Amino acid sequence: MRKLTRRIAPFVALALVAAACGGDDDSSDAPADEPAAEPADEPADEPADEPADEPADEPADEPADEPADEPADEPADEPAGEMQSDFGVDVENKVIRVGLNADLSGPFASLVAEIVAGQEVYWEVFNEAGGYKGWTVETVVVDSGYATDVGIQNYQELAQESEDGVLMITENTGSPITAAVAPDAADDNMLLIPLSWASLWPDPVFGATVLEKQATYCIESMNGVEWLKGMVESQGGEASLAIIGRPGEYGEDGSAGAQLAADELGIPVVYDGTGAVAGDDRTAIISNIINSGATIVWLTLTPGETLDIFGNAVSQGFEGLWSGNSPSFNYLVHLGSDFAAQFDEFYFQSYYQAPWATPGIPFMDDIVNEMTTRRPELNISDVYTTGWIEGIMAETLIKVGIDELNIKRENMVKIATSGDLVVDFGGLSANQSWPPDYNEAVVRSTWIYDVDATAFNVFPMSEYTADNQGSTGMIPIEQDYIGEVAGNYVFDGPCIEASG
3 MRKLTRRIAP
13 FVALALVAAA
23 CGGDDDSSDA
33 PADEPAAEPA
43 DEPADEPADE
53 PADEPADEPA
63 DEPADEPADE
73 PADEPADEPA
83 GEMQSDFGVD
93 VENKVIRVGL
103 NADLSGPFAS
113 LVAEIVAGQE
123 VYWEVFNEAG
133 GYKGWTVETV
143 VVDSGYATDV
153 GIQNYQELAQ
163 ESEDGVLMIT
173 ENTGSPITAA
183 VAPDAADDNM
193 LLIPLSWASL
203 WPDPVFGATV
213 LEKQATYCIE
223 SMNGVEWLKG
233 MVESQGGEAS
243 LAIIGRPGEY
253 GEDGSAGAQL
263 AADELGIPVV
273 YDGTGAVAGD
283 DRTAIISNII
293 NSGATIVWLT
303 LTPGETLDIF
313 GNAVSQGFEG
323 LWSGNSPSFN
333 YLVHLGSDFA
343 AQFDEFYFQS
353 YYQAPWATPG
363 IPFMDDIVNE
373 MTTRRPELNI
383 SDVYTTGWIE
393 GIMAETLIKV
403 GIDELNIKRE
413 NMVKIATSGD
423 LVVDFGGLSA
433 NQSWPPDYNE
443 AVVRSTWIYD
453 VDATAFNVFP
463 MSEYTADNQG
473 STGMIPIEQD
483 YIGEVAGNYV
493 FDGPCIEASG
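Converting from the sequence shown to the numbering used here requires adding 2 to each position, the first position being numbered 1.
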């Protein structure tokens, strides 16, 4: 089964290759969606950078989408009264501290560094515009190296109950670290935004203060499998599914969603490799795929695992259509490989948000203008959008707290989980709120991209022009796609249980 030869995309937009976080480390595989090319055998089962993917009752002003030279509200606009605060807040100087518990030296370092850069630029723009009613934001960045024990220590440092702590954590890399600190975060009234899309986070019990963004891996898989079924049938074939995943929250969540979609749509699962990719020898898995008769393959892997399994299967004549949870694919790894033409022919990428330089997205011009101006030495990348989205979430909450004269941690949690707050991402991703009911809280839309090896052209942002935007080779086909399965499914909780 081959892709249709018709190409969708008159524009060469940079597609967002997700960085997702979760699952166990695999030192033989490359990080997902990382900005700088990494060897295909470096570990990386997710962050990634996504990539839905994306303000409520109009909580104060709109998120900071204005240019940096446009002044924000003046301090005089602040309502009369004394500001209530506890930790991570310098009331005298009107500075709020936010923390980023980021992987800057581990398997996702290249990817996460770009997401962090995106969020840092977001706050630079916010502060230089005057902040909000005189309040500015200071980022505190610590490196976890994607090691759970270090991530826990970092959390404890950021959560300390003093001005040296932070009001909230606006970036927490990885499902394992997020799962490990989630109980303490609930006890500490510490909001944290994970770089992970596990279906655990919308659970008001397990993820009480985890402010997830965009669709879960489980829902992403539902949408992806349903969309691929339609693609196969449009070419005169019948859908049959092979599922391949790695152990841990990431792999199991994605595989569970693929199985649920197959059950609802009546697609036969001809090979179930859930949790099968746990070591370096994948010979049996590749053989099972080739002999399965599958017309669709759904992956929840690292980029290195994807390259190995996909490359060997297509080399032996397998012609099914492939896709998977966003972290499975990395344009630098895959379109820079010997199998670039085969990825172009057989693979579709899934994610949660708008790619770099996408036309017609209200907030995208801000990202492009500010990143190219402030970080010209960095490469163009799809994942700056992720850092921007994290900033929008945090700014929206902070503005409401300031308007309420209460920027205590406990009040931040109350604002976020009230169900009244709606964060407007300006077209970057589906708007989002966090009501206590799981079924109401989950985001159900994802993006789907064609993989175009001929368009792939990544370079430093110093070379970016309106006429030469470059491309990651990710061409949007579906924006905010919701399949019937994901759209109608009634969730009573996560698709998986936390491992360990």
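Note that CB positions come from ideal geometry on N, CA and C, so glycine has one too.
For clarity, every value in this text was computed on a predicted model and none was experimentally measured.
In chain order, Val453, Asp454, Ala455 place their CB closer than 7 Å to the CB of aspartate 346, counting only its own chain and leaving out the 5 sequence neighbours on each side. Going by C-alpha positions, phenylalanine 427 is about 29 Å away from alanine 500. Distances from the CA of glycine 322 to each of Tyr354, Thr175, Leu230, Gly226 were compared; the closest alpha carbon is that of Leu230. In the DSSP assignment, the residues bridged to asparagine 470 are Thr467.
Between isoleucine 382 and methionine 476, the CB-CB gap reaches or exceeds 7 Å. Taken through DSSP and simplified to helix, strand or coil, glutamate 480 comes out as strand. Boundaries of the beta strand (DSSP E) harbouring glutamine 351: 350 to 353, taken from the DSSP string. Taking 7 Å as the cut-off, the beta carbon of alanine 315 is found closer than this to the beta carbon of isoleucine 291. Look at proline 462 here: in three-state DSSP terms it is strand. For threonine 172, the enclosing beta strand (DSSP E) stretches over residues 170 to 175.
In chain order, Leu202 place their CB closer than 6 Å to the CB of phenylalanine 208, counting only its own chain and leaving out the 5 sequence neighbours on each side.
The Cβ atoms of isoleucine 221 and arginine 446 lie closer than 7 Å to each other. Note that the C-beta distance between serine 198 and serine 177 is below 7 Å. The beta-carbon distance between glutamate 372 and valine 127, rounded to whole angstroms, is 5 Å. This is short enough to meet the 8 Å contact definition. Residue state for asparagine 156 is assigned as helix, using DSSP reduced to three classes. Residue pairing of asparagine 408 in beta bridges, as defined by DSSP: Gln86. Taken through DSSP and simplified to helix, strand or coil, isoleucine 498 comes out as coil. Within the segment 293 to 323, the complete beta strand (DSSP E) runs of at least 3 residues fall at 298 to 302. When C-beta atoms of the segment 166 to 176 are compared with those of the segment 90 to 109, three or more pairs fall below 8 Å, so the two segments count as touching.
In the structure shown, valine 234 falls within a helical segment according to DSSP collapsed to helix, strand and coil. In this structure phenylalanine 461 is exposed. Its beta-carbon is surrounded by fewer than 16 other beta-carbon atoms within 10 angstroms.
Between glutamine 434 and serine 317, the alpha-carbon positions lie close to 42 Å from each other.
For tryptophan 125, the uninterrupted alpha helix (DSSP H) run begins and ends at 111 to 130, by DSSP. Following the DSSP letters along the chain, one finds asparagine 441 in no beta strand (DSSP E) but inside the alpha helix (DSSP H) bounded by residues 440 to 443.
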